[in-house]
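Remarks on the structure that follows.
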Amino acid sequence: MNNLFNTKLNYRELINKHGSPLLILDKATVRFQYQELSRALPDVTLHYALKPLPNKDVVSSLLEEGACFDLASKGEIDLVRSLKINPMQCIHTHPIKKDNDIRYSLDYGCNTFVVDNVEEAKKFTPYKDEVKLLIRVSFPNPETPVDLSKKFGVLPEDCLELLKLAGSLGLNIHGLSFHVGSQVPNANRHVEAINDCAKIIREASDSGIKLKVLDIGGGFPVDYEKAESTNIFDFCAPIRDALKQIPSDIKIIAEPGRFLSAPAMINICTVVGKAERFNKPWYYLDDGVYCSYSGQIFDHVIYPKFTPYVDGDKQESVLAGPTCDSIDIIAENIELPALDIGDIIVGKMMGAYTISTATEFNFINKTDILVIDTERDPEYQIPAAE
Ligand SMILES: *Cc1c(COP(=O)(O)O)cnc(C)c1O
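Rendered as structure tokens:
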């Protein structure tokens with residue numbers, strides 16, 4: 001099956017035709033990633049978290065595979081709604097909402113929400129007959145650079161009390177959720193969180209509260225170093241094992257974001273200027289950290305980059321972005337062959353937390369996304385000349 005891991009693209013022709021800089025989104029890679037994760041977590045309903053790449057072609061490709069969706073804002077609701085996605089396939093997982101956000105979601109028909117404290121639970125009393133609540137439990141993860149459990153979640157030891165309180169408000173407590181952080185190095189934290197949730201589910205049951213859902217969140221990693229397909233089946237083996245202890249009448253769901261979107265997009269940009277500074281060649285590109293490479297700042301990722309058409313002796317070089325700010329530097333010590341104005345740089349694995357955090361600083365437009373399908377578009381069936 002063709003996808004961006006195994007298909008060569010004619011980068012030069014693509015930017016000749018569509019302009020530079022350019023992001024290329026491959027729908028076949030989105031489907032491939034979904035199939036891989038489904039195989040790794042066979043009894044888990046996957047809700048794509050739109051946050052890393054809220055894009056209609058990503059969403060419709062996943063819909064075709066039978067995916068469900070994880071929403072956190074009005075814009076994300078608008079996107080799935082415009083594609084006529086059944087709201088019952090969606091959950092709203094932002095732990096902190098305005099009343100207006102709750103109504104917006106209910107108006108669409110999405111009625112599963114996440115709360116992690118009493119103040120938030122109280123916001124749902126006016127809608128208590130229509131909503132289902134998941135309690136977000138906090139499992140801090142010092143191993144990930146994006147540790148979301150410090151901002152959200154009730155501590156496991158305080159969870160039962162919150163369940164009881166929400167119950168006493170007449171709210172429908174549907175289950176538990178957690179998110180152990182993004183791009184986690186191994187499944188240890190998922191396993192610990194599942195073990196702790198299993199305990200909370202038993203304690204709740206003993207107190208007469210029957211939970212129906214366990215949401216194991218996102219965090220599934222991709223390989224930024226090698227830009228190769230992750231063996232997600234092996235990565236998830238401990239998770240599959242840990243889930244065996246959860247009673248079979250509890251539905252398991254997950255919220256993958258990065259894993260589904262990161263490998264599905266590449267960036268092509270062009271050297272538009274060069275200079276010699278401090279004994280190093282500096283190459284000025286037409287894309288940078290304020291736009292497609294913004295994930296370097298916000299998501300702490302270094303993307304794999306290469307020069308598809310230039311070879312030769314390498315030397316330490318600098319790649320700088322197009323804005324007039326000095327932090328707009330993509331790489332300060334990258335080994336590159338000598339480049340000329342007009343040469344192109346390709347960045348891989350650039351689908352997640354990249355264009356979604358881009359700005360238009362310096363009044364420079366965001367990079368266009370060209371949507372392709374390496375499996376179905378006839379031109380990708382023949383290997384492209386490099
Ligand atoms: C961001 C987020 C996700 C997606 O996380 P990934 O690491 O991209 O898989 C899932 N759930 C919640 C609640 C999030 O905030």
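Quick note: the sequence shown, position 135, residue 135 per the UniProt record's numbering, numbers continuous. Quick reminder that beta carbons are idealized off the backbone N, C-alpha and C, glycines included.
Just the Cα atoms here: how many angstroms apart are residue i and residue j?
i      : j      : result
Leu83  : Phe124 : 27 Å
Glu119 : Leu155 : 16 Å
Ala28  : Thr230 : 16 Å
Val131 : Pro185 : 35 Å
Lys244 : His47  : 20 Å
Pro263 : Gly351 : 6 Å
Arg258 : Phe69  : 13 Å
Val80  : Lys51  : 12 Å
Leu319 : Ile329 : 6 Å
Asp325 : Gly347 : 21 Å
Lys122 : Val222 : 38 Å
Just tell me which of the options has its CA closest to the CA of residue i.
i           : options                        : result
Thr323      : Ile85, Thr374, Pro308, Ser294  : Ser294
Phe5        : Ala204, Glu228, Val184, Ser205 : Glu228
Ala254      : Ser205, Ala193, Lys274         : Ala193
Gly312      : Ala198, Leu62, Glu335          : Glu335
Arg376      : Arg12, Arg31, Leu22            : Arg31
Asp129      : Gly153, Val222, Leu106, Leu370 : Leu106
Leu169      : Ile200, Arg136, Tyr127         : Tyr127
Ser61       : Thr374, Ala237, Lys150         : Thr374
Asp101      : Ile85, Leu71, Glu64            : Leu71
Cys90       : Asp116, Asn117, Thr45          : Thr45
Arg39       : Glu225, Ile252, Ala275, Ile232 : Ile232
Lys74       : Gln381, Arg103, Lys305, Arg258 : Arg103
Glu360      : Ala331, Gly181, Ser326, Gly288 : Gly288
Tyr34       : Arg202, Ser205, Phe220         : Phe220
residue 413 : Asn10, Asp206, Gly109          : Any answer about residue 413 is impossible in this case: the structure gives the chain only from 1 up to 386.
Lys226      : Lys305, Phe363, Asn2, Glu379   : Lys305
Thinking C-beta only, is residue j closer than 8 Å to residue i?
i      : j      : result
Pro54  : Ser292 : no
Phe139 : Phe113 : no
Ile173 : Leu163 : yes
Thr307 : Ile266 : no
Asp116 : Gly175 : no
Ala187 : Phe235 : yes
So, is residue i buried or exposed, given that buried needs 16 or more other C-beta atoms within 10 angstroms?
i      : result
Met88  : exposed
Thr93  : buried
Met349 : buried
Gly66  : exposed
Ala49  : buried
Asp299 : buried
* Cβ contact (3+ pairs, closer than 8 Å) linking the segment 269–287 and the segment 335–347 -> The segment 335–347 and the segment 269–287 touch, with three or more beta-carbon pairs separated by less than 8 Å.
* Asked: Is the number of C-beta pairs between the segment 194–212 and the segment 269–280 that are closer than 8 Å three or more?
  -> Result no; under three Cβ-Cβ pairs closer than 8 Å.
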